[in-house]
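*Asks:* Numbered per the numbering used here, the sequence shown spans residues 5 to 533.
Sharing a structure here in structure tokens format.
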Amino acid sequence: MKEERGSMSAENTGHWRPLPLGYLLEEYGLFNKKVALLLVLWLVLFVLSFISVIYWIPQDWDTLANTSQAISLFLLFYPPLLISNLLLFWLGFEWGFIPAYLSTFMVALAFNMPTQWSILFGIAVVLGMAIFAVVYYSTHFHYTLDSVTHLAFFVGVALVASMASSLGSLIWSHVQSLTIEETLIAWQSWWTGTFLQLIFINAPILFLVGDRIERVKDKYFDVPDRPEISLGWVYSAIISVVTVLVIFILSAEQLGTLRIEEALRNTSSSLANEILSASQTFELTAWIAIVILLAAGLGGIRLVEGWNKTLKDQVRIKRALIAEIHHRVKNNMQLVSGLIELQLQNSDNQVVQKELRKSHSRIYSMGKVHEQTYQHEDAADVKMDVYVESIVKQVQANFGEIDGARFKLVCSSFKLTISQAVTFGLLLNELLTLICRHEYSHANKDTEISISVEGTENQVRTKFQGISKPFEIAVADSLDGTLIRKLTKQLNTELHRIEDQEEVINLEFTFDKKDSPSYFNSWNPANNS
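In structure tokens form, the structure reads like this:
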């Protein structure tokens, strides 16, 4: 099963697939070697982030704060942010958030920032990581940047994320009592440096080793499937991006206005009027940009709503069509089954009757699958407890009452895809028929065969107990033997004989469950509105 999941993951290489820390601890445990090694590597990177903060921050920060180029270079090569962003993409948000936040918190305390402001400062800096997490969670773009489209998308998100994290410079400015000019320099340099780091350092690393990291994850861990996208996440992504851009424009407008007011104090009245008129034009432009952004955000939400409504209608129509198809197939099989029953009543030949009963059971087992699908809302999967019970009853009616075998069924509640359900149902029908004939041929009247069908998250285990000795699978060149051999091969399993007692044989087989087809397993808008 792990190999199957690994191959499936390989097809999705490039998508952001977090490996949550809580999932690892729950699935593997803290003392698992793979988890322990991953935690050790993470702690090493964590320590490197802390050490880099100690040795990387210049002592003359006041001088640095006045130089735009110096701040941009500092953030361009700021190790905690570089390491944390890579951890975000490779492992998940919490893996990157913790070192980024604590390192930034440490920077704030080192420069005598009050604790409450240090907490806010740390949160502001990691806002960019939150933007990446929300956007890449809500979309299916590749973070490995394997095409121009994915690269362009990354650049756009990186720009918004840089703007979001630059809000920390305003907190820094307030606490350090910087002038308006110094604040403007720090703010502009902050988001510029962060953006340059994402584009010129993070992006090439993600492109070069991203696929390899995904293959390593699939090799050593069962990476959990990412939950399907919901409308809530899509709305959150749109609102987050629009909010950050609006705050960015408002901050730029406000800082620009304050800088102009400071300059006007030492300017002649005629020149001041011209500057004030120009600043009003700039302010009007800023508000127009904000209105456009808000309109674009609302338009995006309306577009998603309309798209969701269209998908709902399409899904409803397709489900109705699929249900009708299954209904007609079931009716046709029921008609054939009825014709076989009429033939049974008009035949006195015991051999012919037995073969007709077997054909009747096979057709019934296939028709029952289609009945299950159109009777239930989920057209992709079949409820196996109901289905198995109907097959056992049908075989009991066709053969058990005549051959003297009785069945005691215990079946857990689980589902299979239509293709697997049909194959499993036919195999179950053949084996039960074979057991009935075996018990009859050995004059074992009133034999009770216990049947256990247990479905777990990944596998289905079927066991027959109480079969009388000697028992052999049907002859290879017979129709029964050919069917059993083909059906077990389709399920990728083998039948195992277990000799429980001197007079009794148990028979069992186990196979892996398959996922529903992609067109059924995709996002269902009706459940996400």
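Cβ atoms here follow ideal geometry from the backbone N, Cα and C, with glycine treated the same way.
Give every residue of the same chain whose Cβ lies closer than 7 Å to the Cβ of L499, excluding the five residues on either side of it in the sequence, and list them in chain order.
*Replies:* Your numbering for residue 499 matches position 495 in the sequence shown. Cβ neighbours of L499 beyond the five flanking positions: I477, T492, L511 and F513.
*Asks:* Work out the CA separation of F115 and D229 for me, nearest whole Å.
*Replies:* Locating residue 229 in the sequence shown gives position 225, counting from the first residue. Locating residue 115 in the sequence shown gives position 111, counting from the first residue. Cα to Cα, D229 sits roughly 43 Å from F115.
*Asks:* Sorted by chain position, which residues of the same chain lie with C-beta nearer than 7 Å to S151's C-beta, five sequence neighbours on each side aside?
*Replies:* Residue 151 sits at position 147 when you count from the first residue of the sequence shown. Excluding sequence neighbours, S151 sits near nothing in its chain.
*Asks:* Pick helix, strand or coil for V159, following the three-state DSSP scheme.
*Replies:* Position 155 of the sequence shown, counted from the first residue, corresponds to residue 159. V159 falls in the helix class under three-state DSSP.
*Asks:* To the nearest angstrom, how far is it from the Cα of K38 to the Cα of Y224?
*Replies:* Here residue 38 refers to the residue found at position 34 of the sequence shown. Here residue 224 refers to the residue found at position 220 of the sequence shown. In a straight line, the C-alpha of K38 is about 7 Å away from that of Y224.
*Asks:* Please state whether DSSP places F515 in a helix, a strand or coil.
*Replies:* The count along the sequence shown starts at 1 and reaches residue 515 at position 511. Reduced to three states, the DSSP call for F515 is strand.
*Asks:* Can you give the Cα-Cα distance for L487 and L430, rounded to whole angstroms?
*Replies:* Along the sequence shown, read from residue 1 onward, the residue named residue 487 stands at position 483. Along the sequence shown, read from residue 1 onward, the residue named residue 430 stands at position 426. Cα-Cα distance, rounded: 9 Å.
*Asks:* Given that a residue counts as buried once 16 or more other Cβ atoms are within 10 Å of its Cβ, and exposed if not, what is D352?
*Replies:* As a working note, residue 352 is residue 348 in the sequence shown. Burial call: exposed.
*Asks:* Is K334 helix, strand or coil by DSSP?
*Replies:* Taking the sequence shown and counting its residues from 1, the one referred to as residue 334 is at position 330. Helix.
*Asks:* What residues in its chain sit with their C-beta under 7 Å from that of I217, if we drop five residues either side in the sequence?
*Replies:* By one-based count along the sequence shown, residue 217 stands at place 213. Within the same chain, I217 has close Cβ partners W94.
*Asks:* Leaving aside the five residues before and after S107 along the sequence, list all residues of the same chain whose C-beta is less than 7 Å from its C-beta, in chain order.
*Replies:* Looking up residue 107 in the sequence shown gives position 103. Same-chain partners within the cutoff: S53, F54, V57 and P84.
*Asks:* Using 8 Å as the threshold, is the C-beta distance between G126 and T198 below it?
*Replies:* Locating residue 126 in the sequence shown gives position 122, where the first residue counts as 1. Locating residue 198 in the sequence shown gives position 194, where the first residue counts as 1. Not closer than 8 Å, so no.
*Asks:* I'd like the list of long-range same chain contacts for N548, defined as Cβ closer than 6 Å, with 5 residues on each side in sequence excluded.
*Replies:* In this structure the chain extends from 5 to 533, so residue 548 is not present and cannot be described.
*Asks:* Using the rule of at least 16 other Cβ atoms within 10 Å of the residue's Cβ for burial, across every protein chain shown, is I502 buried or exposed?
*Replies:* Here residue 502 refers to the residue found at position 498 of the sequence shown. Exposed, by the Cβ-count rule.
*Asks:* May I ask you to list the residues that DSSP assigns as paired with F411?
*Replies:* The residue you call residue 411 lines up with position 407 of the sequence shown. Bridge partners of F411: I453.
*Asks:* Would you mind reading off the limits of the alpha helix (DSSP H) that contains K473?
*Replies:* Here residue 473 refers to the residue found at position 469 when the sequence shown is read from its first residue. Counting along the chain, K473 falls outside any alpha helix (DSSP H), and DSSP gives it neither H nor E.
*Asks:* Please state if the CB of I471 and the CB of I422 are separated by a distance shorter than 8 Å.
*Replies:* Counting from 1 along the sequence shown, the entry for residue 422 is found at position 418. Counting from 1 along the sequence shown, the entry for residue 471 is found at position 467. Their beta carbons are not under 8 Å apart, which means I422 does not touch I471 by this criterion.
*Asks:* On a Cα-Cα basis, can you pick out the residue from I123, D484, L25 and L432 that is closest to D226?
*Replies:* If you number the sequence shown from 1, residue 226 lands on position 222. The candidate whose alpha carbon is nearest that of D226 is L25.
*Asks:* Based on Cα-Cα distance, which residue from K517, T460, Y239 and D222 lies nearest to L23?
*Replies:* Taking the sequence shown and counting its residues from 1, one reaches residue 23 at position 19. The option with the nearest alpha carbon to L23 is D222.
*Asks:* Determine the contact status of L420 and V457, defining contact as a CB-CB distance below 8 Å.
*Replies:* By 1-based counting over the sequence shown, the position of residue 420 is 416. By 1-based counting over the sequence shown, the position of residue 457 is 453. It is not a contact, given that the beta carbons lie outside the stated cut-off.
*Asks:* So V386 is in the beta strand (DSSP E); what residue range does that whole segment cover?
*Replies:* Residue mapping note: residue 386 aligns to position 382 of the sequence shown, counting from 1. V386 -> beta strand (DSSP E) spans D385 to K387.
*Asks:* So, at 7 Å on beta carbons, what are the nonlocal neighbours of L149 in its own chain, with the 5 sequence-adjacent residues on each side left out?
*Replies:* Taking the sequence shown and counting its residues from 1, one reaches residue 149 at position 145. Result list for L149: L155, F158, A207, L210 and F211, in chain order.
*Asks:* With 16 other CB atoms within 10 Å as the buried threshold, where does S4 fall?
*Replies:* Outside the shown range of the chain, which is 5 to 533, sits residue 4, and nothing can be said about it.
*Asks:* With distances taken Cα to Cα, identify the nearest neighbour of I296 among Q318, V246 and L90.
*Replies:* Walking along the sequence shown from the start, residue 296 turns up at place 292. The shortest C-alpha separation from I296 is found at V246.
*Asks:* Nearest by alpha-carbon distance to I243: which of L298, T196 and K490 is it?
*Replies:* Translated into positions along the sequence shown, residue 243 becomes position 239. Ranking L298, T196 and K490 by Cα distance to I243 puts L298 first.
*Asks:* Identify the continuous alpha helix (DSSP H) that holds L25 and give its terminal residues.
*Replies:* Walking along the sequence shown from the start, residue 25 turns up at place 21. Taken as a continuous stretch (DSSP letters only), the alpha helix (DSSP H) holding L25 covers L25 to E31.
*Asks:* Smallest Cα separation from R441: which of D484, G459, S341 and S454?
*Replies:* Residue 441 sits at position 437 when you count from the first residue of the sequence shown. The option with the nearest alpha carbon to R441 is D484.
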